[in-house]
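Below: one structure, written as structure tokens.
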Amino acid sequence: MATRTAKSAFVRNCLATTVLATMAALAAASPAAAKTPADTLVYGTSLAQVISLDPHQGQESTALEVMANLYDRLVSSDASGKLSPQLAEKWDIDDKGITFHLKDATFNGSGNPVTAEDMVWSIRRVIKLSQAPAAKLGSVGYNAGNIDSLTRAIDDKTFWIGLTGKVAADFLLYRLSEVAASVIDSKTVMAHAKDSDFGNDWLRTHSAGSGPFDLQRWAPNDIIILSAAKNYWGPAARMKRVVMRHVPESQAERLMLEQGDIDIAGSLSPADIAYFADKKEVKVEKVPTGGFYVMAMNVTAEPLSKPKVREAILHAIDFDGIQKSIMGPYGVKRLVPVPADYEGAIPDPDVKYDPALARKLLAEAGYPDGFSTTIKTIAQTPRVELATAIQASLADIGIQAQVLQGSGADIVGDHRARKFDILIPQTGAYMPNAMGAMEQFTSNPDNSLAANNAGNFVWRSGWDIPELTALTAKIMTENDASKRVGMYEQLQHMFVDAVPAVQPMFERYLPIAIAADVHGYKGHPQQVTRVDQVTKSE
Amino acid sequence: MAQPIMKQLAAMRLDKRLVQLVLSLLALVAITFVIGRMLPTDPVGSIVGELADPRAYAAMRERLGLDKPVAEQFLLYFWHLLQGDLGVAALTGNSVSDDLWHAFPATLELATLAIVLSVIVGVPLGLLAALKRDSWVDQLIRVISLVGHSVPVFWLGMIGLLVFYAGLQLVGGPGRIDVFYEGLVPPVTGMILIDSLLAGDMEIFQNALTHIILPASMLAYSAMAYITRMTRSFTLEQLSQDYVTAARAKGVSPAGTLYRHVLPNIAVQLITVIAISYGGLLEGAVVTEIVFSWPGIGQYMTSALLIGDINAVVAATIVIGIAFMLLNFLSDIAYQLLDPRTREAN
Amino acid sequence: MDMTKADLTGARRPSLLHRFLTLPFWSALRREPLGFAGVIVLALLVLVALSAPLLAPYDPNRQVLDSSLLSPSSSHWAGTDEFGRDIFSRLVWGARLTLRTVFSVSAIVGPIGLIIGVVAGYFGGRVDAVLMRLTDIVLSFPSLVLALAFAAAIGPGLNTAIVAISLTSWPPIARLARAEALVVRNSDYVSAARMYDASNLRLLTLYIAPMCIPSVVVRLTLNMATITLTAASLGFLGLGAQPPAPEWGAMISAGRKYMIDYWWVAVMPGLAILLTSLAFNVVGDTLRDILDPRHERG
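The following block contains the structure:
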């Protein structure tokens, strides 16, 4: 505000100020000619619910992928399910347990050698921390009472882990290839331990592993930055930095990928994935999860407790139509809980989309006029769309379903408490074989309300299946892999014949879009994707 | 107006205002607590996942303090709050106060630039409208600012991204800087524009500017209506005063009158208007941040909303509330100090 | 009542119900083309909402997956969404939700604000101090954020949104009603009634409150734009009316996933919100101009 000239051109001044301010703002914002540097891999994805980067605590899928690059496990599995050595050079199996012979590896940062003591300490830590990953070791029979006697350091480079009798040895190996079984630098972490937290409070936001990357920075819900480990014991990472940015909006992510602001986009919507399908600059990869989008029906009450009603619902839904219009790259129709390409998978049962038949079945079950019910789902693509489509299908045969969507907390809480009619959960295979995908659908040891086994997927639906449960347990301890295949098939047929209360609908895929100049990124079903050998062409 | 009297008056009012502020803060805390406890479910499920083991579930429940009776939770909540401890966020696993400490600068940076822009544009437009009262210029300005006041900012933001980022490629995309620049500048204030200047990194400063300009302009546009409107009416009021007529009679040009007489007189009133708008912008940023992936309190709060993380929601409400109230308080003080006529106007 | 008109603080502002209905601004409105346009738009909106079943060419919730995401055409004026639902029909039905929210909030907030304000203004003293402190406290709350937290806590839904918005929007009304009551309290006709031993309740309900209603109504109109926008924000965040209800904010939120390729899915409901909110703003702004050239603050 300086001019004091008597020019009565104040109006013009005002306009000029306005225009100038706008111009200055725009000029300062020079065109965004962004292109990610060749030595940095940039991800855009949802970082929501990444709450811990302690491998014995965190379990959200993005967190798993991060931790898979910070830590090593004894063994690793590739995307097709083949096991290979990671920290272990080789291993011997007998009927008591597995003996691992370790490679000469060192932890980043401290430079400490990776010893059998670290293995023992890490495995025991998983159980004693008692976080979500503890359940994974728990499911193969380990608990606070037996873990000390079942893990042993024979010498510096030899680690032994005992079998519990609950699962066969190769199932245990798969468990040990998961992030939950990561090996941690015990000396470094214990230096940060408080009370009896085994250093959890510190490790949650730091890294102390022997993987190709170190954690440089993590701002929850914002950004995760990894930097290549300086003294990595293996072949050094090709990327200097890996940056993951929280971009919850699919369309924003798509724009960023298109403009070269990011290299890899996760959590894209079906429409945006479809957009990249025929673009040369971007390739779309469908990462299989081995899991399913499921229709869980609460069978503790009528009318869903009647198998005929469930059969009617199955015939009322146009799965093929939904796959085409809604699921797109997210799912492939599959009504059996084993992905079609897994060993031992049976073909899909012949369930036709037939509303007339559905109405007839419904009448036979005693509901000629249909009934009212609810469909609950987490407010998330594509589950909301799926629920809405199912709602419309059910309306056609006279079932009035109200869709109730809610936060993860609400919906999962209701699911655990059996407070739902129909609910749309999703599953994942915890190991890349038929059992890893199917066990959660076919095992419910105690269906009583008092058991309150809310962690069990089948229990939540109140579906009592003693025969299936018994056969599942038998398969888990069968050491002869070739014998298992036949048992898998039997189990699936039994499952289909029982008209399941936990009905798989679509095999679940996580589509990701990758810039074409990025090479060597291969998504892993258990989210243990390593990015150290990913490269970018100029 | 004798100086001592005015000072005394101001001091007296200050006491009252402070009491009012403290009462308001207490009420806010009480209400947010009640809101927090109304939530029908607990956030444990969303953290431990859909297929978690009951033991893991119980462990997380304990970690979040949800296993205790409600009365105890209440006391703990209050006690912790007094110590600045807002609990653990289910969303991030961090302490909420840490999270907010990191998120707030992003929101502050955005809202501050927005208010600066809206003043730079809004005040001249208001003056112009007053000078050209009832002309087409006045009407045009009125419509422009009313539209800004009526448009859903999040929607405008979406369209802005589409046009200026995707289409014209004139500005940076979502987020505060291009992703690969992240982590290169040491965080001092948490505001990237300032931090990059402190680090002397002009490349990142420029990049940050390209990113902030769009969301800030959108917010500024929505805040501008009120500022323009008030500037106009304050100016009209002044223009009708005798001293203006007198000055004009003495041959002072309209521009001169405006600069020398009107502006200083309306400045005091404008402070209040700007402070209120600033508070409104802090709030308005909440929804806008989602559209721009802006890692501020708004995005934090809405992500927390989606997973039912009531600790984080309540804390974010309190922090925004406090900022909001403090702004009102400060503007009131400024008003009281600078303009003794306030009391009559009330 | 006639005798009181002239006594009422000269030309400060018209305060009688009957003046509100008959006099200046209806005629003044005609001289304000912009304000008049606003009134027309609002009237149309109400008409559309009332006759939604007649106007909407399709069932707003009917899914036709084959014709999803069609661009605007003669058969679908505003295109179709990802479920093949007709967007124009959804907008028409959505007008009901928006207007219901706006009017419900006004119906809640108006009387509450009026009562608090009138009681505070009439009794003065300690009652006034307490009520006005309460009012000021609520006035200093960040309303949108509080509404978000509230809606999140008691579970999303249209009624939740209405209550959440109402919680923080009564204070301006209370302040205004109090100011009005202060003026009316000292007017001659109230003093006269007092001499006839009229009870406090009688004075409040028959003599003072009616005088404050016109300005309260005007203030409510001004609030309506804000309510529309807040409701849209809540809907956008999934805290308003639940699917498949055609709530405009929720429609934007859903359409956002398709916005780049199918602009109309998100743009159309945005335009509907903009138009509605603009109409409320224009009408409110015009009313304010006509009734009080000096403008209220806040």
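Which chain is which? The protein sequence lines are B, C and D, in order. Position in the first sequence (from 1) plus 1079 gives the number in the working numbering. Position in the second sequence (from 1) plus 76 gives the number in the working numbering. Position in the third sequence (from 1) plus 29 gives the number in the working numbering. C-beta: ideal position from N, C-alpha, C; glycine also. Only a predicted model underlies this, so the values are computations on that prediction, with no experimental measurement involved.
With which residues is Pro-1583/B paired in a DSSP beta bridge? As a first step, residue 1583/B must be located in the first sequence, where it is residue number 504. The beta-bridge partner set that DSSP reports for Pro-1583/B consists of Val-1373/B.
How long is the line joining the alpha carbons of Gln-317/C and Arg-285/D, rounded to whole angstroms? Along the second sequence, read from residue 1 onward, the residue named residue 317/C stands at position 241. Along the third sequence, read from residue 1 onward, the residue named residue 285/D stands at position 256. Taking the straight line from one Cα to the other gives about 51 Å.
Closest by C-alpha distance to Asn-1512/B, when choosing among Pro-1416/B, Phe-1499/B and Ser-1265/B: Here residue 1512/B is taken as the residue at index 433 of the first sequence, counted from 1. Here the closest residue by C-alpha is Pro-1416/B.
Near Gln-1128/B, which residues of its chain fall below 7 Å by C-beta distance, leaving aside the five closest residues on each side in sequence? Taking the first sequence and counting its residues from 1, the one referred to as residue 1128/B is at position 49. Result list for Gln-1128/B: Glu-1139, in chain order.
Three or more C-beta pairs under 8 Å: does that hold for the region 132-151 of chain D against the region 93-106 of chain D? No, because fewer than three Cβ pairs between the region 132-151 of chain D and the region 93-106 of chain D fall closer than 8 Å, the two stretches do not touch.
Does the beta carbon of Leu-126/D sit closer than 8 Å to a beta carbon anywhere in chain C? The residue you call residue 126/D lines up with position 97 of the third sequence. No, because no Cβ of chain C sits closer than 8 Å to the Cβ of Leu-126/D.
Endpoints, beta strand (DSSP E) assigned at His-1180/B: Taking the first residue of the first sequence as position 1, residue 1180/B is located at position 101. Looking at the DSSP string, the run of the beta strand (DSSP E) that includes His-1180/B is 1176-1181.
Checking 8 Å against the spacing of the C-beta atoms, do Glu-1422/B and Ala-1594/B come in under that value? Along the first sequence, read from residue 1 onward, the residue named residue 1422/B stands at position 343. Along the first sequence, read from residue 1 onward, the residue named residue 1594/B stands at position 515. Not a contact, by the Cβ cut-off of 8 Å.
Endpoints, the beta strand (DSSP E) within which Leu-1242/B is located: Along the first sequence, read from residue 1 onward, the residue named residue 1242/B stands at position 163. Where Leu-1242/B is concerned, there is no enclosing beta strand (DSSP E), given that its DSSP letter is neither H nor E.
Beta carbons nearer than 9 Å to chain D: which residues of the region 1325-1336 of chain B have them? Glu-1328, Ser-1329, Gln-1330, Arg-1333 and Leu-1334
Cβ pair Thr-378/C, Asn-1300/B closer than 8 Å: By one-based count along the second sequence, residue 378/C stands at place 302. By one-based count along the first sequence, residue 1300/B stands at place 221. Cβ distance not < 8 Å, so Thr-378/C and Asn-1300/B don't count as in contact.
Which listed residue (Ile-1343/B, Ala-1184/B and Ala-1391/B) has its alpha carbon closest to that of Val-1326/B: For the purposes of this step, residue 1326/B is taken as residue 247 along the first sequence, with counting starting at 1. Taking Val-1326/B as reference, the option from Ile-1343/B, Ala-1184/B and Ala-1391/B with the minimal CA-CA separation is Ile-1343/B.
How many whole angstroms separate the CB atoms of Thr-1452/B and Ile-1501/B, which I take to be in contact at a CB cut-off of 8 Å? Start at 1 with the first residue of the first sequence, and residue 1452/B comes out as number 373. Start at 1 with the first residue of the first sequence, and residue 1501/B comes out as number 422. Going by Cβ atoms, the distance from Thr-1452/B to Ile-1501/B rounds to 6 Å, so yes, they are a contact pair.
Closer than 7 Å at the beta carbon, the chain B residues around Tyr-287/D: Residue mapping note: residue 287/D aligns to position 258 of the third sequence, counting from 1. Those are Ala-1350, listed as they occur along chain B.
Identity of the residues DSSP links to Gly-198/C by a beta bridge: Taking the first residue of the second sequence as position 1, residue 198/C is located at position 122. In the DSSP output, where bridge partners are listed per residue, Gly-198/C has none listed.
Would you call the CB atoms of Thr-1284/B and Leu-1132/B closer than 8 Å? Against the first sequence, residue 1284/B aligns to sequence position 205. Against the first sequence, residue 1132/B aligns to sequence position 53. With contacts defined by Cβ atoms closer than 8 Å, Thr-1284/B and Leu-1132/B form a contacting pair.
Out of Val-223/C, Trp-231/C and Ala-179/C, which one is the CA nearest neighbour of Ala-283/D? Your numbering for residue 283/D matches position 254 in the third sequence. Of Val-223/C, Trp-231/C and Ala-179/C, the residue nearest in Cα terms is Trp-231/C.
Write down the C-beta distance between Phe-1398/B and Glu-1586/B rounded to the nearest angstrom, noting that I regard them as a contact closer than 8 Å. Start at 1 with the first residue of the first sequence, and residue 1398/B comes out as number 319. Start at 1 with the first residue of the first sequence, and residue 1586/B comes out as number 507. Phe-1398/B to Glu-1586/B, Cβ: 12 Å. No contact.
Whole angstroms is fine: what's the gap from Ser-1156/B's alpha carbon to Met-1514/B's? In the first sequence, the residue the question calls residue 1156/B occupies position 77. In the first sequence, the residue the question calls residue 1514/B occupies position 435. The straight-line gap from Cα to Cα measures roughly 15 Å.
Among the candidates Leu-1550/B, Ser-1561/B, Ala-1496/B and Tyr-1509/B, whose CA atom is the shortest distance from the CA of Asn-1531/B? Position 452 of the first sequence, counted from the start, is the residue given in the question as residue 1531/B. Looking at the Cα atoms, Ala-1496/B is the closest of the given residues.
Just the C-alpha distance for Asp-174/C and Ala-296/C, rounded to the nearest angstrom, thanks. Locating residue 174/C in the second sequence gives position 98, counting from the first residue. Locating residue 296/C in the second sequence gives position 220, counting from the first residue. The straight-line gap separating the alpha-carbon atoms of Asp-174/C and Ala-296/C is approximately 29 Å.
Pro-1299/B in three-state terms, based on DSSP: Locating residue 1299/B in the first sequence gives position 220, counting from the first residue. Of the three classes helix, strand and coil, the one that applies to Pro-1299/B here is coil, per DSSP.
Rounded C-alpha distance that separates Gly-397/C from Pro-171/D: Residue mapping note: residue 397/C aligns to position 321 of the second sequence, counting from 1. Residue mapping note: residue 171/D aligns to position 142 of the third sequence, counting from 1. Approximately 5 Å between the Cα atoms of the pair.
Considering only the beta carbon of each residue, do Ile-1352/B and Ala-1592/B sit closer than 8 Å? To locate residue 1352/B, count along the first sequence from 1; it is residue 273. To locate residue 1592/B, count along the first sequence from 1; it is residue 513. The beta carbons of Ile-1352/B and Ala-1592/B sit closer together than 8 Å.
What residue from Thr-164/D, Ile-302/D, Pro-185/D and Phe-65/D has the CA that sits closest to Leu-196/D's CA? Working through the third sequence from its first residue, we reach residue 196/D at position 167. Closest option to Leu-196/D, Cα to Cα, is Thr-164/D.
Kindly indicate the opening and closing residues of the beta strand (DSSP E) around Tyr-1122/B. Sequence index remark: in the first sequence, residue 1122/B carries index 43 (1-based). Residues 1119-1124.
At a Cβ threshold of 8 Å, is Tyr-1354/B touching chain D? Mapped onto the first sequence, residue 1354/B falls at position 275. It does; some Cβ of chain D falls within 8 Å.
Determine the contact status of Val-1597/B and Glu-258/C, defining contact as a CB-CB distance below 8 Å. For the purposes of this step, residue 1597/B is identified with residue 518 of the first sequence, where counting begins at 1. For the purposes of this step, residue 258/C is identified with residue 182 of the second sequence, where counting begins at 1. Their beta carbons are not under 8 Å apart, which means Val-1597/B does not touch Glu-258/C by this criterion.
Alpha carbons only, please: which of Ile-366/C, Ala-391/C and Leu-101/C is nearest the one belonging to Ala-178/D? For the purposes of this step, residue 178/D is identified with residue 149 of the third sequence, where counting begins at 1. In terms of Cα proximity to Ala-178/D, the closest of Ile-366/C, Ala-391/C and Leu-101/C is Ala-391/C.
At a Cβ threshold of 8 Å, is Pro-298/D touching chain B? Position 269 of the third sequence holds residue 298/D. No, no contact with chain B.
If we require 3 or more residues per run, which beta strand (DSSP E) segments fall completely within the region 1399-1487 of chain B? 1410-1412, 1451-1457 and 1479-1485
Give the list of continuous beta strand (DSSP E) stretches no shorter than 3 residues that lie fully inside the region 1511-1593 of chain B. none
Counting contacts by CB-CB distance shorter than 8 Å, is Pro-250/C in contact with chain B? As a position in the second sequence, residue 250/C is number 174, starting the count at 1. Interface residue (Cβ-Cβ distance to chain B less than 8 Å): Pro-250/C is classified as such.
Relative to the C-alpha of Val-245/D, which residue among Ser-228/D, Ala-295/D, Ile-319/D and Ser-135/D is closest? One-based indexing of the third sequence puts residue 245/D at position 216. Closest option to Val-245/D, Cα to Cα, is Ser-135/D.
Kindly indicate the opening and closing residues of the beta strand (DSSP E) around Leu-269/C. Within the second sequence, residue 269/C is the residue found at index 193, counting from 1. No beta strand (DSSP E) holds Leu-269/C; the alpha helix (DSSP H) holding it covers 268-274.
At 7 Å on the CB atoms, spell out the chain B contacts of Gly-267/D, in chain order. Here residue 267/D corresponds to residue number 238 of the third sequence, with the count starting at 1. Correct list: Ala-1458.
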